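Line order of the protein sequences matches chains A and B. Everything in the first sequence is counted per this note's numbering, starting at 1 for the first residue and increasing by one. Everything in the second sequence is counted per this note's numbering, starting at 1 for the first residue and increasing by one. Where a beta carbon is used, it is the ideal one built from N, C-alpha and C, also for glycine. Remember, predicted model here, so these are calculated numbers, not experimental data. A short worksheet on the structure shown next.
2 protein chains.
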Amino acid sequence: MKVYFTFEPRPDLRDPLVDEFPEVEFTFHSRPDKGHLRETDVLVTYGEDLNDESIEIAKNLKWIFVVSAGIEKMPHQAIHNRGILVSNVRGIHKKPMAESILAHILSIKRALPFIYENQSKGVWNKKAQLSELNGSTALIIGPGAIGAEIGRLLQAFEVYTIGCNRSGDDAPFMNETHKIENLMSILPKAEIVISMLPSTPETKHLLTYEHFKQMSKDTIFLNFGRGDVVATDLLIRILEEKLIRHAVLDVFEIEPLQADSKLWKFDNVTVSPHFSSHSSRYVERSLDIFKPSLRKWLNGDENLDNKLDILRGY
Amino acid sequence: MKVYFTFEPRPDLRDPLVDEFPEVEFTFHSRPDKGHLRETDVLVTYGEDLNDESIEIAKNLKWIFVVSAGIEKMPHQAIHNRGILVSNVRGIHKKPMAESILAHILSIKRALPFIYENQSKGVWNKKAQLSELNGSTALIIGPGAIGAEIGRLLQAFEVYTIGCNRSGDDAPFMNETHKIENLMSILPKAEIVISMLPSTPETKHLLTYEHFKQMSKDTIFLNFGRGDVVATDLLIRILEEKLIRHAVLDVFEIEPLQADSKLWKFDNVTVSPHFSSHSSRYVERSLDIFKPSLRKWLNGDENLDNKLDILRGY
């Protein structure tokens, strides 16, 4: 049984794994190597280093464990055709992402960019308008596992949370939940609007100019789902017209964001390079999910946690 | 009955106050004017605009309502000698200050300064080490009302909270509490150390080089109490020697921090201009505390909330 990691965990994480599974031959190599691919039974990857050819070469491959939530860059059809099982680290992002979102909201409310700028100039300046998160209302569009964690933290700050999802069914840590088709009428109630929507045909360019017109001018809009929920040109227009107070963007229609994009330059935008799920504890947490799955696999049990349909995308 | 505010609340806050107390003659004037002082019965002030002479002039003055927690800049002896009652807005700071502290900790953990810097250069750069607040241990030295609010929020992030106070008695939202004389042995356990200590003879220069030596190199130290708990020279030495990861300072021995202070220049320090209690909702909240006290006062009841001993300082 050969397990091939296309990245190299730190020794303090790798060694206990190797020790725990003496029956497994592990290879750790930070690039998908054809020789290793040819022989591997199980592939552990961030999901961005595979193509149709890799799948063709990997004749023995039966299971891909993706150390990521997004699988957009994987060769879906080739994996599906071979009937390779795919599972991922669903849920691993929720704590670091929710912390990033809280960090950005609190930073704006408590004037951290102002503090940093004045420090860099060596100026003692108290003339900022510091506001509070406490008592705000937040709308979370697409409140899945990550949205629930965001809701949980926001509620600790006594924020009223509104969820918006397809069904309109109650979602955890949301004070109320509505159907996404009622979005337009809910937007004026929230001064924090967070999109956690994935990229699907239904969510592409879902947010329109009219949606942003409905928001209050004090709104902080955060996109930590996928970039194509708003067209880039529309986003630029909204920021130019100052329809909202601030946009915090961790995702973009085209990534990396192009060097000449206007988005870099606005005062009322924060450009985060799609890394808000990163965490120094990420690999540790991934291996905590991987190990029980590998144990099951070795016991011939293919009913792994977080299995996904590669064509459907979740 | 004359009530004199030495600041001017926004009309939407001032007008309801005036309407609620038709029997009171209010004056709002952003500077302590001798003519008004001479006639006032009640003074509402931020506590930084009075001296011995003001108290002498204000012959009718019987109650000073201080819209602040700190009363260091008030003429203590003159107020005491006249037997003027002093009350303040104790507790008003806890929500905005706790939010500022969370903002700073999360900003460092989730690499916001790195994000802002790369955005200003127009560079898409994911090469930051993002860590998590989740699962950390925090030590709060002097956990009063503000410390409890900090503890409450930290616990929402699954942080283990340790309080350190004079008595060692249990404090709210602290997983454990110790006597301050045991500080040295507790310091290695926490990677977040927050001082909320007031300035008193016992707290002056309480933190020594040895204390910082006890902290882990990853420690984030935050001082949001009073600046003289650490000598400025010592703080500079600690930052130069990189004994800790980062210091976030909202208070300083001398304020404003001198333009030529070395503290402005360190990468591992954040200089905040002693305004972390500021909030756009501050006056609103102050008036919410003031109104019931004024009602009592008009009814001849001098047993006001948040009365304090001007000489003792709390």
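Among the residues facing chain A, B/F7 is not included, as its CB has no counterpart in that chain under 8 Å away. Contacts between A/Y116 and chain B, judged by CB atoms closer than 7 Å, involve P113, Y116 in chain order.
Distance from the CA of A/H93 to the CA of B/I71, rounded to the nearest whole angstrom, comes to 46 Å. Considering only B/I108, B/L130, B/P16, B/I84, the residue with the shortest C-alpha distance to B/F65 is B/I84. In this structure, DSSP gives B/K204 a state outside helix and strand, which the three-state scheme calls coil. Per DSSP, A/G35 lies in no beta strand (DSSP E); the unbroken alpha helix (DSSP H) holding it starts and ends at 34-39.
Rounded to whole angstroms, the separation of the alpha carbons of B/D305 and B/T40 is 21 Å.
Secondary structure remark: continuous alpha helix (DSSP H) runs of at least 4 residues inside the region 34-73 of chain B, in chain order: 34-39, 52-57.
Between B/E23 and B/L287, the C-beta gap is not smaller than 8 Å, which leaves the two residues out of contact. Here A/L130 has K109, R110, A111 as same chain residues with Cβ atoms under 8 Å from its own Cβ, once five neighbours each way along the sequence are excluded. Using a CB distance below 7 Å, the part of the region 239-273 of chain B facing chain A consists of P256, L257, A259, W264, T270, V271, S272, P273, ordered along the chain. B/T232: member of the alpha helix (DSSP H) spanning 232-240, first to last residue. Residues V193, I244, A247 of the same chain have their beta carbon placed closer than 6 Å to that of A/F221, with the five preceding and five following residues left out of the count.
Unbroken alpha helix (DSSP H) runs of no fewer than 4 residues, entirely contained in the region 168-194 of chain A, are found at 183-186, following chain order.
A/E20 and A/R82 have their C-alpha atoms some 30 Å from each other. Scanning its chain for C-beta atoms nearer than 7 Å, with the 5 sequence neighbours on each side dropped, one finds around B/T161 the residues A138, I140, G151, L154, Q155, F173, M174, N175, in chain order. In the three-state reduction of the DSSP assignment, A/H246 falls in the strand class. Burial of A/K95 is indicated by the presence of at least 16 other C-beta atoms within 10 angstroms of its C-beta. For A/G163, the enclosing beta strand (DSSP E) covers residues 160-165. For B/N88, the uninterrupted beta strand (DSSP E) segment begins and ends at 85-88.
Judged by beta-carbon spacing, A/G227 lies within the 8 Å limit of A/E255, meaning their Cβ atoms are closer than that value.
The beta-carbon separation of B/V230 and B/L263, rounded to 11 Å, does not stay under the 8 Å limit for a contact. Using a CB distance cut-off of 8 Å, A/L153 counts as an interface residue toward chain B. Residue contact check for A/S136 against chain B: no CB pair falls below 8 Å. Between B/N299 and chain A, the shortest Cβ-Cβ separation is not below 8 Å.
For the region 86-101 of chain B, the residues whose beta carbon sits under 8 Å from a beta carbon of chain A are, in order, K95, P96, E99, S100. Secondary structure at B/E25: strand, using DSSP grouped into helix, strand and coil. Residue environment analysis places B/A259 among the exposed positions, since fewer than 16 neighbouring C-beta atoms fall within 10 angstroms of its C-beta. Residue-level contact check: A/K126 touches chain B, since one or more beta carbons of chain B fall below 8 Å from its beta carbon. The beta-carbon separation of A/L235 and A/S87, rounded to 34 Å, does not stay under the 8 Å limit for a contact.
Take B/P143, set aside five residues on each side of it, and the residues of its chain with a beta-carbon closer than 7 Å to its own are G151, G163, N165, A171, M174, M196, in chain order.
Taking a Cβ-Cβ cut-off of 7 Å, A/F290 has no neighbours in chain B, whose nearest Cβ is about 19 Å from it.
Listed along the chain, the chain B residues whose CB falls inside 7 Å of the CB of A/A156 are L153, A156.
Not a single C-beta of chain B is nearer than 8 Å to the C-beta of A/A190. In terms of CA proximity to A/S107, A/V269 leads the group A/V269, A/S280, A/P32, A/E284.
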